[in-house]
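Visitor: Have a look at this one before I ask anything.
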Amino acid sequence: MKFGTSRRLAKIKKADVITYTIEIFIVIFGITVAYQLNVLYEDSKDLKLEKAAIEKVRTELELNITEFDKLIDERLELIENENQLAQILYSGGYLYAEDDLENQEISKYLFAINKTYKPNLQFEGLNYYINTNYTTSNSDLKNSLLTLKNKYVALKEVAQYHTSMKEKYYNDFLIKDVDFGLQKVVNYERIKSIEFKNLILNLIENEIELNRLLEEANNIAIDIVDLNIKEKLK
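One gets the numbering used here by counting positions in the sequence shown from 1 and adding 97 to each.
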């Protein structure tokens, strides 16, 4: 009897081991499947967040491109007026037979260049996306955006410097000789001085540098939208 009982107990134990093993396998399999599903869910969620961030960057860049396009035309006109004024001042009176006519032209361009243009750049979406870590598949886009951000920063600094310089030197230099409110020149003597001629040349150099940065930043932004972002959002 004991021998038979032992055999039955052995069979029961063996069955228990098999059952236990199957249960462990099922648990492990279930955990693995649940983990994989969670990974897929998180990846899908991160991908959606990534695309939403990229979409925001695209909208922002398109606004900047529109701003650049508007500014470039206005700034080209500004630099043309500055060149015209410089040409008159450096001609020494040879361009016009009468001083009054020369003074009229000086006055016209003097007030035409009394303006500054600063790009109203959008940075929020760009900065946010650069600092995100949703996926690692778009490092090329982030590198391009970092390059663009550096251009934006340089552009903003040059624009701010040019604006402050124009306000400080150009307006202050003419404050006693020009009524900007009435757009009337009281005295042309200082305007025809070497000091003011050099000031105009400095303004032109700054305008050229600012226009160069505007065009570079605009071209980079256009390439990112057309070549990088459209591909990422397919």
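Don't be surprised by glycine CBs; every beta carbon is placed ideally from N, CA and C.
May I ask which residues mark the beginning and end of the alpha helix (DSSP H) holding glutamine 280?
Guide: The residue given as residue 280 occupies position 183 in the sequence shown. Glutamine 280 -> no alpha helix (DSSP H), and no H or E assigned at all.
Visitor: Is it the case that the Cβ atoms of serine 204 and valine 322 are separated by a distance below 8 Å?
Guide: Here residue 204 refers to the residue found at position 107 of the sequence shown. Here residue 322 refers to the residue found at position 225 of the sequence shown. No, the Cβ-Cβ distance between serine 204 and valine 322 is not below 8 Å.
Visitor: In its own chain, which residues sit with a C-beta less than 6 Å from the C-beta of isoleucine 202, not counting the 5 before and 5 after it?
Guide: Working through the sequence shown from its first residue, we reach residue 202 at position 105. The sequence as given places glutamate at residue 202; isoleucine does not occur at that position. Ile185, listed in sequence order.
Visitor: Write down the C-beta distance between alanine 318 and leucine 238 rounded to the nearest angstrom, noting that I regard them as a contact closer than 8 Å.
Guide: In the sequence shown, the residue the question calls residue 318 occupies position 221. In the sequence shown, the residue the question calls residue 238 occupies position 141. Wrong, their Cβ atoms sit about 13 Å apart, outside the cutoff.
Visitor: Can you give me the C-alpha to C-alpha distance between phenylalanine 122 and serine 236, rounded to a whole angstrom?
Guide: As a first step, residue 122 is located in the sequence shown; it is residue number 25 there, counting from the start. As a first step, residue 236 is located in the sequence shown; it is residue number 139 there, counting from the start. Roughly 40 Å separates the two Cα atoms.
Visitor: For a minimum of 4 consecutive residues, which ranges assigned as the alpha helix (DSSP H) are wholly contained in the region 139–221?
Guide: 196–209
Visitor: Leaving out five residues before and five after asparagine 54 in sequence, what residues of the same chain have Cβ atoms less than 7 Å from its Cβ?
Guide: In this structure the chain extends from 98 to 331, so residue 54 is not present and cannot be described.
Visitor: Quick one: what's got a C-beta closer than 7 Å to phenylalanine 277's C-beta in the same chain, skipping five residues either side?
Guide: As a first step, residue 277 must be located in the sequence shown, where it is residue number 180. Result list for phenylalanine 277: Asn211, in chain order.
Visitor: Flag this pair as yes or no: are the beta carbons of tyrosine 231 and leucine 330 separated by less than 8 Å?
Guide: Your numbering for residue 231 matches position 134 in the sequence shown. Your numbering for residue 330 matches position 233 in the sequence shown. No; because the gap between Cβ atoms is not below 8 Å, this pair is not in contact.
Visitor: Cβ of asparagine 235 less than 8 Å from any chain C Cβ?
Guide: Judged by its chain identifiers, the structure shown contains no chain C, having just a single protein chain.
Visitor: What residue does the alpha helix (DSSP H) around lysine 263 start on, and which one ends it?
Guide: Within the sequence shown, residue 263 is the residue found at index 166, counting from 1. Here lysine 263 belongs to no alpha helix (DSSP H), and DSSP marks it neither H nor E.
Visitor: Alpha carbon to alpha carbon, what distance is there between glutamate 302 and glutamate 177?
Guide: Here residue 177 refers to the residue found at position 80 when the sequence shown is read from its first residue. Here residue 302 refers to the residue found at position 205 when the sequence shown is read from its first residue. Distance between the alpha carbons of glutamate 177 and glutamate 302: 12 Å.
Visitor: From what residue to what residue does the alpha helix (DSSP H) around aspartate 320 run?
Guide: The residue labelled residue 320 in the question sits at position 223 within the sequence shown. Looking at the DSSP string, the run of the alpha helix (DSSP H) that includes aspartate 320 is 291–320.
Visitor: Leaving out five residues before and five after glutamine 181 in sequence, what residues of the same chain have Cβ atoms less than 6 Å from its Cβ?
Guide: The residue given as residue 181 occupies position 84 in the sequence shown. Excluding positions up to five away in sequence, the list reads Tyr206.
Visitor: Taking tyrosine 258 as the reference, which of Tyr226, Leu300, Glu152 has the closest Cα?
Guide: Within the sequence shown, numbered from 1, the residue matching residue 258 stands at position 161. The shortest C-alpha separation from tyrosine 258 is found at Leu300.
Visitor: Let me make sure I understand the geometry here. Which of Ala183, Thr260, Thr118, Glu120 has the alpha-carbon closest to that of glutamate 292?
Guide: Locating residue 292 in the sequence shown gives position 195, counting from the first residue. If we check each option's Cα against that of glutamate 292, Ala183 comes out closest.
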